[in-house]
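Notes follow once the structure below has been shown.
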Amino acid sequence: MKIGDRTVLVCDCAHSIALDGAALGKACGDGSAVTVHTQLCRAQLDRFEKAVANGQPLLVACTQEAPLFSEVAAEVAPDTALTFTNIRERAGWSDEGAQALPKIAALLAEAALPIPPTGALTLTSQGTCLVYGTDERAIEAGRQLAKHLDVTILLSNPKDIAPPQVMDVAIFRGRIRSGRGWVGAFEIVVDDYAPALPSSRGTLGFEPVRQGASARCDLILDLTGGTPLFPDHKRRDGYIRPDPDNAVQVANALLEIADLVGEFEKPRFVDFKADLCAHSRSRKTGCTRCLDVCPTGAVTPNGDHVAIDPHVCAGCGSCAAVCPTGAATYALPPAITVYERLRTLLSTYRKAGGTAPALLIHDTRHGDELVGMMSRYGRGLPARLLPFALHEVTQVGIDLFALALAYGCTHVRVLTGPGNEGETAGLASQVGLAEAAFSGLGYGSGRVAVIDAADPDAVADELWALPADPVEAGMFLPMGPKRTVTMLALRHLHKVAPAPVEVLPLPPGAPFGRVSVDVEGCTLCLSCVGACPTGALLDNADKPMLSFAQDACVQCGLCKTTCPEKVISLVPEIDFRDRARGAAVIKEEEPFCCVSCGKPFAARSAIEKIVTALAGKHSMFATPEAANRIRMCEDCRVRDQFERGNEPFALGRPPVPRTTDDDLREREEAQQHAQLAAVRQKLM
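Going by the UniProt record's numbering, the residue at position 565 of the sequence shown is 565; the numbering climbs one at a time, nothing skipped.
This is the structure we're talking about:
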């Protein structure tokens, strides 16, 4: 059987799965009967060898024996594209396995889709390792690692430590004040820093301490048991922090860190487009959603936008889930691939005769393990429950939730686990937003929820109890960026909603809504237009006008923060009316014309407010003539100042230079005045 460009090999695992080859071929759209193998990994392995030898892309419906199939393929045809999917634990091994044919067809169709490659970073470790501890356990760990790595031991507040017989590793004391970096590029600052004294006798002594010492290393083994050096430390590459009182954890940590030498590839989890970011404008802070949810500190402010450090990013995807503009998008795989996977999964399920599907979003670690345990030791998954594996469950947002319901899912459940501890704030906000939207349209509560459990029986009980409330499906193409896809899905859900409303109120912080402007107080200064990062607020080059396009508003708050009149407030909502898709005029007025030349140059309300604020209250505008200059354009204002003789920039008459002739003339005039005075005296 072929799906797309892939040849599909199906096995019923020694008849433990109920598979009808003819029905499966029809359900997958191939038309012809599917050859159902029974022991493809053992007695029928030659059939796999024959299929892989053709060199065509191959999909094998088995993940348990993937290592064996990959090994055989590497020998027979190493260039053959080989992928795997699990139809046994996720569908066939279930109390409803006999009704799981539509689900199996859907899983095969989804797995046959091509997944684009993801960019990667190259991290290099030379093996320089810092062992950070408090006592002899750190020294012993350092000695063991010294056989493989270049080790330095740093002891925090050491007390009564016996000096080693042989200084085969460098030992220092110190307390790490701060640290940053990643595998191959850690930088630390150490206080109370001092090297060990080689003359130490009964107790390990140290030289005089100094503060603020800096150092670099490739790896850090933290055996202090205290506060971690980094947020979300479990995901910081190259930083390993076992419980120093747990010998098994310490032993595993030694084995793990000893192998971290060489070059490593790390995926670029997030694609970021700075020009779409709504974080800040003109030193005014707007959207901080990604900053609020990033658990590792990989997202930092960077002027008008944020910066995402791919070396520190652990790939949880929370920033992409909450980003309202699509500036941050998850790249493993890209969102458009996830949308198409979901559409293929649900459309194939429906075409194969499946009804009332529910969706279980899980990761490939904790989620796959729980699904396997449910199928091996319990009831398995219901036949109508479709598992949907992602790299991280925290990458999902309202776009995927709305799309799932619009494609006919009755419910969506997100399975989290211990590995998601401290990373679910963004997911919780998106689930809350989706619940508000769906319940507001009459779909009721509980359509989207998180299952945080490690007990497979508890998870199974919740999944089997999901009601089969039908939702009318639409199979539109998920075209455009995240926001466009979200609105496509929500508009479909509004169209078929049990209780549609024209305007759907949303909780504070939602990335949809409008701005409310106090028109009386607005002077049309248009500062908000200059600050708006999405073009939701617009001006008019021909006349003073403020317009608003609600579909573009992400409720970042920059307009509210920037407005000098403080007349703007945010109203989170979704307006499903057609008028919300275009720009609506909020305020307009005729331009104010210069009282001298008649040229329009400003908004009337702005000029009137300036006149009220300054005329008679400021020294420059104390007289009626001076106050009238406010009503003039920039050219007439300057001309009027000089024509009225009140030249504010005049510096007085330039001094006239004196010459010898001036001195002689003044002397002669003085002599003449003296002679005239003498004559007058004689006559008297």
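Positions of the beta carbon are idealized from the N, C-alpha and C atoms, including for glycine.
**Study point:** Assigned secondary structure, Phe264 (DSSP; H/G/I helix, E/B strand, else coil)
**Key:** Residue 264 sits at position 264 when you count from the first residue of the sequence shown. Strand.
Exercise for review: Check Lys284 in the structure and name its three-state DSSP category.
Suggested key: Locating residue 284 in the sequence shown gives position 284, where the first residue counts as 1. Of the three classes helix, strand and coil, the one that applies to Lys284 here is strand, per DSSP.
Practice item. Pick out whichever of Asp368, Lys566 and Ser347 has its Cα sitting closest to the Cα of Thr85. Key: Here residue 85 refers to the residue found at position 85 when the sequence shown is read from its first residue. It is Asp368.
Check your understanding: Between which two residues does the beta strand (DSSP E) carrying His362 extend?
Key -> By one-based count along the sequence shown, residue 362 stands at place 362. Residues Ala358 to Asp363.
Practice item. Could you tell me how far apart the beta carbons of Leu221 and Tyr132 are, in whole angstroms, since I believe they sit closer than 8 angstroms? Key: Sequence index remark: in the sequence shown, residue 221 carries index 221 (1-based). Sequence index remark: in the sequence shown, residue 132 carries index 132 (1-based). Confirmed, Cβ separation roughly 7 angstroms.
Check your understanding: Can you find at least 3 beta carbon pairs, one from the region 407 to 427 and one from the region 120 to 131, that sit closer than 8 angstroms?
Key -> no
Check your understanding: Roughly how many angstroms separate the alpha carbons of Phe388 and Ser516, rounded to a whole number?
Key -> Translated into positions along the sequence shown, residue 388 becomes position 388. Translated into positions along the sequence shown, residue 516 becomes position 516. C-alpha separation (whole angstroms): 40 angstroms.
Practice item. Throw me the rounded Cβ distance for the Leu9 and Leu40 pair, which I believe falls under 8 angstroms. Key: What you label residue 9 is simply residue 9 of the sequence shown in a count that begins at 1. What you label residue 40 is simply residue 40 of the sequence shown in a count that begins at 1. Correct: roughly 6 angstroms between the Cβ atoms.
Practice item. Report yes if the C-beta distance between Pro158 and Asp135 is below 9 angstroms; otherwise report no. Key: Position 158 of the sequence shown, counting from 1, holds the residue named residue 158. Position 135 of the sequence shown, counting from 1, holds the residue named residue 135. For Pro158 and Asp135, yes; Cβs fall inside 9 angstroms.
Exercise for review: Rounded to whole angstroms, what's the CA-CA distance from Asp363 to Leu415? Just pull it up for me.
Suggested key: In the sequence shown, the residue the question calls residue 363 occupies position 363. In the sequence shown, the residue the question calls residue 415 occupies position 415. So the two alpha carbons sit approximately 8 angstroms from each other.
Check your understanding: Hey, out of Asp518, Phe576 and Ala536, whose CA is closest to Leu493's CA?
Key -> Start at 1 with the first residue of the sequence shown, and residue 493 comes out as number 493. Nearest of Asp518, Phe576 and Ala536 to Leu493, Cα basis: Phe576.
Exercise for review: Starting from Thr124, follow its DSSP beta bridges and name the residues at the other end.
Suggested key: As a working note, residue 124 is residue 124 in the sequence shown. Looking at the DSSP assignment, Thr124 forms a beta bridge with Glu263.
Point to revise | Three-way DSSP call (helix, strand, coil) for His536 in this model | key: The residue you call residue 536 lines up with position 536 of the sequence shown. In the sequence as presented, His is not what sits at residue 536; that position holds Ala. Reduced to three states, the DSSP call for Ala536 is coil.
Check your understanding: Counting Cβ pairs, one atom from each stretch, are 3 or more of them under 8 angstroms apart for the region 439 to 448 and the region 531 to 539?
Key -> no
**Study point:** Minimum C-alpha distance to Ala541 - residue among Asp160, Arg6, Val501 and Phe601
**Key:** Residue mapping note: residue 541 aligns to position 541 of the sequence shown, counting from 1. It is Phe601 whose Cα lies nearest to the Cα of Ala541.
Review point. In terms of alpha-carbon separation, which member of Ala213, Lys495 and Phe269 lies closest to Phe438?
Key: The residue given as residue 438 occupies position 438 in the sequence shown. Answer by Cα proximity: Lys495.
**Study point:** Residues near Ala278 in its chain [Cβ-Cβ closer than 8 angstroms; skip 5 each side]
**Key:** Position 278 of the sequence shown, counted from the start, is the residue given in the question as residue 278. Taken in chain order, the residues that qualify are Gly286, Cys287, Pro324, Thr325, Ala327, Pro533, Thr534, Val554, Cys556 and Leu558.
Point to revise | Cβ neighbours of Ala404 in the same chain (closer than 6 angstroms, five flanking residues each side left out) | key: Residue 404 sits at position 404 when you count from the first residue of the sequence shown. So the list reads Leu359 and Val412, once near-sequence residues are dropped.
Review point. Between Ser214 and Ile188, is the Cβ-Cβ spacing less than 9 angstroms?
Key: Your numbering for residue 214 matches position 214 in the sequence shown. Your numbering for residue 188 matches position 188 in the sequence shown. Yes; because the gap between Cβ atoms is below 9 angstroms, this pair is in contact.
Check your understanding: Using DSSP with H/G/I as helix, E/B as strand and the rest coil, what is Cys277?
Key -> In the sequence shown, the residue the question calls residue 277 occupies position 277. If DSSP states are grouped into helix, strand and coil, Cys277 belongs with coil.
Practice item. State the Cα-Cα distance for the pair Glu71 and Pro498, rounded to the nearest angstrom. Key: If you number the sequence shown from 1, residue 71 lands on position 71. If you number the sequence shown from 1, residue 498 lands on position 498. Approximately 54 angstroms between the Cα atoms of the pair.
Review point. What alpha helix (DSSP H) runs, 4 residues minimum, are completely inside the region 549 to 579?
Key: 558 to 562
Review point. Given Ala105, which residues of its chain have a CB within under 6 angstroms of its CB, disregarding the five upstream and five downstream residues?
Key: Numbered from 1 along the sequence shown, position 105 holds the residue referred to as residue 105. These residues qualify, in order along the chain: Ala27, Cys28, Thr348 and Ala352.
Exercise for review: For Asn246, count neighbouring C-beta atoms within 10 Å of its own C-beta (all shown protein chains included) and say buried if the count is 16 or more, exposed if not.
Suggested key: As a first step, residue 246 is located in the sequence shown; it is residue number 246 there, counting from the start. Classification for Asn246: exposed.
Exercise for review: Report the partner residues of Thr83 according to the DSSP bridge assignment.
Suggested key: Indexing the sequence shown from 1 puts residue 83 at position 83. In DSSP, Thr83 forms a bridge with Leu59.
Review point. Opposite Gly303 in the DSSP bridges: which residues?
Key: As a working mapping, residue 303 is identified with position 303 in the sequence shown. In DSSP, Gly303 forms no bridge with anything.
Practice item. Buried or exposed for Asp275, please, with buried defined as at least 16 other CB atoms from any protein chain shown within 10 angstroms of its CB. Key: Along the sequence shown, one-based indexing puts residue 275 at 275. The residue in question, Asp275, is exposed, as its Cβ has fewer than 16 Cβ neighbours within 10 Å.
Review point. With which residues is Glu187 paired in a DSSP beta bridge?
Key: Residue 187 sits at position 187 when you count from the first residue of the sequence shown. In the DSSP output, where bridge partners are listed per residue, Glu187 has Arg180 and Arg216.
Exercise for review: Express the C-alpha separation of Arg90 and Asp232 in angstroms, rounding to a whole number.
Suggested key: Taking the sequence shown and counting its residues from 1, one reaches residue 232 at position 232. Taking the sequence shown and counting its residues from 1, one reaches residue 90 at position 90. Computed Cα separation, rounded: 31 angstroms.
Practice item. Note down the Cα distance separating Met479 from Val485, rounded to an integer number of angstroms. Key: Numbered from 1 along the sequence shown, position 479 holds the residue referred to as residue 479. Numbered from 1 along the sequence shown, position 485 holds the residue referred to as residue 485. Computed Cα separation, rounded: 6 angstroms.
Check your understanding: Quick one: complete alpha helix (DSSP H) runs, 4+ long, within the region 442 to 480?
Key -> 456 to 464
Review point. Going by beta carbon distance, what residues of the same chain come within less than 8 angstroms of Asp30, once the five residues before and after it are set aside?
Key: The residue given as residue 30 occupies position 30 in the sequence shown. Met1, Lys2 and Ile3.
**Study point:** Thr118 beta carbon less than 9 angstroms from that of Pro333
**Key:** For the purposes of this step, residue 333 is identified with residue 333 of the sequence shown, where counting begins at 1. For the purposes of this step, residue 118 is identified with residue 118 of the sequence shown, where counting begins at 1. A contact, by the Cβ cut-off of 9 angstroms.
Exercise for review: Helix, strand or coil for Pro67, going by three-state DSSP, please let me know.
Suggested key: Taking the first residue of the sequence shown as 1, we reach residue 67 at position 67. DSSP places Pro67 in helix when its eight states are reduced to three.
Exercise for review: Use the C-beta contact count for Lys543: other C-beta atoms within 10 angstroms, 16 or more gives buried, fewer gives exposed.
Suggested key: The residue given as residue 543 occupies position 543 in the sequence shown. Exposed.
Check your understanding: In terms of DSSP beta bridges, what is Glu340 paired with?
Key -> Against the sequence shown, residue 340 aligns to sequence position 340. Its beta-bridge partners do not exist; DSSP assigns none.
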